[in-house]
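Residue numbers (my numbering): 1 to 484. Glycine included, C-beta positions come from ideal geometry on N, C-alpha and C.
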């Protein structure tokens, strides 16, 4: 049996309700809902893995069909997490994926033993895990990595800084690991990463404070809260459902549009969420300084940055590489073999406003493939961002080559129009066979170069295409590539 713990206690904070409602604005949940585009998770069954069940008779959960794989007592923890993930907007700001109508609940120990370890086929494709083990378990991480690789599930786990390193299951390579910010997006002063084996985590941050549906269990007094009460609470557990809800929205859109079908793959979802994230003040790859910037792809406090739901949706909806001409953002899902390199070329053509910068960011994701509980099939991929002059890579702006990681992330601010190139490589010594990867990119124009001000502004238009495929017909694209 595996023993799990909550990611910190949830504390009621009614005096700070105004500050806590802003959390939904911080991650663009409110802005996204105003689009009224209909993609709020209705096509997606969500799995909630907990140590107690949501208070299902709360009005915030009206219309939701719950499936319980075992019976546990209702509790404040699951109720608060559920309110953020799929809660309806009834007298409070509303959750993230408010269109979700089907939720399946597992107790954490049951889920680990009877789903993950058993590699069981279940309906949900997005799972929220607002719990952590009391230690790192590399065998359990291998089970999770195998499950995600085989079942194509998006599993979002919270981080726990109770120990010196990330605890399982947040330390798994193929899932999405979330750490905390305050309601306004300011990151925790405590680093979550790296993992026990030196990999960069977290992947993203999201608020630990929010207004949620209230449970009598939060105070232990059944007369204090009713089934229509709301409260403001905080705790690391609340960061995870913001990201899981965003994943449900992206999957909802991808399931609706055949042209976006590749975006149902967890690697694409993870890449898009990370590329679209907002870098907050102090963002820095690895530890302080630049010595490990090439080998540590992410910030140990922020990961790729703060979740931005509308920006992630825009990136997904832009479609995969090769579907259009001039693009400002996009993604690709393809394969690469040992010793090969692909380039993605683009031109920044818009003149910048005074004091503005182009912000270029891209994320490469691929899976670890467990062979046994102690060995993996792992291929090292790299990602670099170059400025190009006369068709030749002239100046490298950023490089990500973490040899332990299955994610690479590049970011640069520039004031120069002209040609740029993303170069994706697979090391010559990698195991034979193709590796499937997801790559997403985004360019924004922002007023200042400081990472404290990295918000999406007016996008610069650019031409992005895999090198050698820009002007080809669809049949040519399928048969010809140019390698560097």
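Q | Residue interval of the beta strand (DSSP E) (run including residue 24) | A | No beta strand (DSSP E) holds residue 24; the alpha helix (DSSP H) holding it covers 23-26.
(Q) Taking only three categories from DSSP, how would you classify residue 280? (A) coil
Q) Near residue 110, what residues of its chain come up, given a Cβ to Cβ distance below 7 angstroms and the 5 sequence neighbours on each side ignored? A) 69 and 70
Q: Work out the CA separation of residue 371 and residue 425 for me, nearest whole Å.
A: 24 angstroms
Q: Rank 446, 340, 443 and 400 by C-alpha distance to the C-alpha of residue 434 and give the top, closest one.
A: 340
Q. What are the boundary residues of the alpha helix (DSSP H) that residue 85 is part of?
A. 76-86
Q: Just mark residue 321 as buried or exposed, buried being the case when its beta carbon has 16 or more other beta carbons within 10 Å.
A: buried
Q | Proximity to residue 142 [Cα-Cα], best of 427, 376 and 186 | A | 376
Q | Rounded straight-line distance, which links the Cα of residue 24 to that of residue 40 | A | 14 angstroms
Q.
Three Cβ pairs or more, each shorter than 8 angstroms: is that satisfied between the stretch 246-257 and the stretch 288-296?
A. no
(Q) Any contact between the stretch 179-196 and the stretch 58-67? By contact I mean 3 or more CB pairs, one from each, below 8 angstroms. (A) no
Q. To the nearest whole angstrom, what separates the beta carbons of residue 44 and residue 125, a pair I think is in contact under 8 angstroms?
A. 6 angstroms
Q. Does the separation of the CB atoms of residue 294 and residue 401 fall below 9 angstroms?
A. yes
Q: Reducing DSSP to helix, strand and coil, say where residue 33 ends up.
A: helix
Q | Given residue 233 as reference, the closest of 178, 441 and 78 once Cα atoms are compared | A | 78
**Q.** Closest Cα partner of residue 155 within the set 209, 196, 49 and 283
**A.** 49
**Q.** residue 120 classed as buried or exposed, judged by whether at least 16 other C-beta atoms fall within 10 angstroms
**A.** exposed
**Q.** Those residues which DSSP pairs with residue 67 across a bridge
**A.** 104
**Q.** Rounded straight-line distance, which links the Cα of residue 349 to that of residue 200
**A.** 34 angstroms
**Q.** Alpha-carbon spacing of residue 342 relative to residue 384, whole angstroms
**A.** 11 angstroms
Q) Just reading off the alpha helix (DSSP H) that residue 241 is part of, what are its end residues? A) 239-256
**Q.** Cβ-based burial, residue 381 [other Cβ within 10 Å; buried from 16]
**A.** buried
Q: With a 10 Å radius around its C-beta and 16 neighbouring C-beta atoms as the bar for buried, classify residue 257 as buried or exposed.
A: exposed
(Q) Comparing C-alpha positions only, which one of 27, 394 and 203 sits nearest to residue 300? (A) 203
**Q.** Sub-9 angstroms separation of residue 159 and residue 236 beta-carbons
**A.** yes
(Q) On the CB-based measure, 16 or more other CB atoms within 10 Å of its CB, does residue 15 come out buried or exposed? (A) Confidence is the limiting factor: at residue 15 the pLDDT is only 36, short of 50, which leaves the residue's position unreliable, though a coordinate-based value still follows. Residue 15 is exposed by the Cβ-count criterion.
Q: Determine the direct distance from the alpha carbon of residue 368 to that of residue 212, and round the result to whole angstroms.
A: 36 angstroms
Q) So, helix, strand or coil for residue 376, using DSSP? A) strand
Q | Complete beta strand (DSSP E) runs within the stretch 138-172 (minimum length 3 residues, chain order) | A | 154-158
Q: Please classify residue 397: does DSSP put it in a helix, a strand, or coil?
A: strand
(Q) Tell me which residue opens and which closes the beta strand (DSSP E) that residue 360 is part of. (A) 357-366
Q: Return helix, strand or coil for residue 127, following the three-state DSSP convention.
A: strand
Q: Give the range of the beta strand (DSSP E) segment to which residue 419 is assigned.
A: 418-426
(Q) Could you tell me the alpha carbon to alpha carbon distance between residue 394 and residue 421, rounded to whole angstroms? (A) 10 angstroms
Q.
Using the three-state DSSP reduction, which class does residue 411 fall into: helix, strand or coil?
A. strand
(Q) Just verifying my parser: in three-state terms, what is the DSSP assignment at residue 299? (A) strand
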